[in-house]
Amino acid sequence: MRVLLTGSAGFIGSAVESALAARGHEVVGVDLMLPEAHGTSQAPAGTHRLDVRDALQWVELLRGVDAVCHQAALVGAGVRVGDLPAYASHNDLGTAALLAAMHEAGVASLVLASSMVVYGEGRYECPAHGHQVPPARSRTSLDAGDFENHCPRCGDRLAWALVEESARLDPRSTYAASKLAQEHYAATWARQAESAVVALRYHNVYGPGMPRDTPYSGVAAMFRSSIERGEAPKVYEDGGQMRDFVHVADVAAANVLAIEAAVGFSAGGVAAYNVCSGEPVTIKRVADLVISGTGSDLAAEVTGQYRAGDVRHVVASPRLAREELGFSAAVSPDEGLPAFAVAPLRA
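Heads up, the sequence shown is in full-length UniProt numbering, so the first residue is 1 and it goes up one at a time.
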C-alpha cells in the first residue's frame, strides 16, 4: 500500500512512518516543519517540505496513493484569543485543502489524527442519580481547593467513568475546537466524496523523540525537564486528575491498523476510536513514575494551582478500538513512563 503521511517528520509522524515501513507499506512524507514542533531540526531525507494548506498545489503527490494519514496539526491549549486564526488556518483550512486535493486525485481513504480534547470534560456518575453532565467548575470552588465536579441535582461528588466514542463532544479550548472541526470536515468529505475516514482520538501521547519544552511536549516531558534542572515537578490542583497516557509506539500501531481498515470501508464510512493505554493514572502518579525512572530523590510538588480551562477527569474506553480495529496498547504507563524519563528527546 502507498500512504501519504502528513506531519511525517514530527514526533508521532516519525513513529507512524517506521511502523508502516515495518509492515511493508510505502510512505510519501510531507511536513511543513513548524519551528514550534521541530526547533532547528532539518527535514529527514525524502520528506517533502510542503504546506497542507496548499495541498491543491501539490496534488500530483497524491496520484497513485491508496490512503492518507493526516498527522499535521498545530497543537497546544490555544489559551489566547489571538491564537484562533493560527489554529483555524493550520488545522481546519489545512484539513479542508487536503481533503479537496484527495478528491481531485481520487484518494478515498483517510486516517485523521484527532484528540481526546474533543470530549471536553469526561464522563461522570452520581451514586444516587446516575450519569450527569456537570457545569464548568467555578473559580470560587477552585480557589477554595475543591477541584472535583459535583452532581447538579444533589451536590455530591461525582465519580469518573470511561468515555465512549459516542459521548457528547464539547471542546473547551481553541485547539479542541479545531480538532472537532477537522473531524466534521472529514466526515462531510467522506459522505460527499463517497470516501472513508477513521478519526483516532489520541489521549496523552509520550515516548522517545518528543520535543523538549514546547507546546508539543506534554506534561510528562515537562515533568522530566523539571527533574533535569534539579527542580521538583510541579503538579497542579491536588494531583488527583485522572488521565490516560499512551506510548507513541502504541499510537503508531493504532495508525497502521486504522489505515489498513479504512481502505476496506464502504463509501461514506466514518468511524472514530479512542487510542489509549486503558490504564488510567493520576497526574501525581505520572510525576512519580517519571521521577522513579531518573533515580532522582526529588518529590513532586502538589501546588494547588489550577488552569481555569482544564477539565478534571477524562479517561477513555479502549473497548471499541479493541473490538473493531484489533488495537490494544502493549506498553503500560508503569513500564513506559519510567523508561521515558531517560529516553532521547528532540532538541
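Quick reminder that beta carbons are idealized off the backbone N, C-alpha and C, glycines included.
- From the listed residues Gly-269, Gly-209 and Tyr-202, the smallest Cα separation to Val-246 is found for Tyr-202.
- Around the beta-carbon of Gln-305, fewer than 16 other beta-carbon atoms lie within 10 Å, marking it exposed.
- Counting C-beta atoms within 10 angstroms of its own C-beta, Gln-192 has fewer than 16 neighbours from the protein chains shown and is therefore classed as exposed.
- Within the UniProt domain "NAD-dependent epimerase/dehydratase" (165-275), the complete alpha helix (DSSP H) runs of at least 4 residues fall at 174-192, 219-228 and 248-262.
- The beta carbon of Ala-136 is closer than 6 Å to none in its chain, skipping five residues each way along the sequence.
- By the Cβ test, the region 19-28 is in contact with the region 252-259, since at least three Cβ pairs between them sit closer than 8 Å.
- DSSP lists Tyr-124 as the beta-bridge partner residues of Gln-132.
- Per DSSP, the beta-bridge partners of Arg-346 are Pro-211.
- Cβ-Cβ distances below 7 Å link Arg-172 to Gly-120, Gly-309 and Val-311 in the same chain, with the five nearest sequence neighbours on each side left out; the list follows chain order.
- The shortest C-alpha to C-alpha distance from Glu-26 to any of Ile-12, Gly-13, Leu-5 and Gly-10 is the one to Leu-5.
- Residue burial is scored here from C-beta neighbours: Pro-127 has fewer than 16 other C-beta atoms within 10 angstroms and is therefore classed as exposed.
- Rounded to the nearest whole angstrom, the CA to CA distance from Phe-340 to Ile-227 is 13 Å.
- DSSP places Val-27 in the uninterrupted beta strand (DSSP E) bounded by 26-30.
- In this structure, Val-28 is the residue among Val-59, Val-28 and Leu-61 with its C-alpha nearest to the C-alpha of Thr-47.
- By the beta-carbon neighbour count (other beta carbons within 10 angstroms, threshold 16), Gln-57 is exposed.
- Glu-194 and Ala-267 do touch by the CB rule: their CB atoms are close to 4 Å apart, below 8 Å.
- For Arg-157, the beta-bridge partners assigned by DSSP are His-150.
- When DSSP reads this structure, Thr-47 sits in no beta bridge, so it has no partner.
- The beta-carbon separation of Pro-280 and Val-302, rounded to 18 Å, does not stay under the 8 Å limit for a contact.
- When secondary structure is reduced to three states using DSSP, Arg-312 falls in the coil class, being assigned neither helix nor strand.
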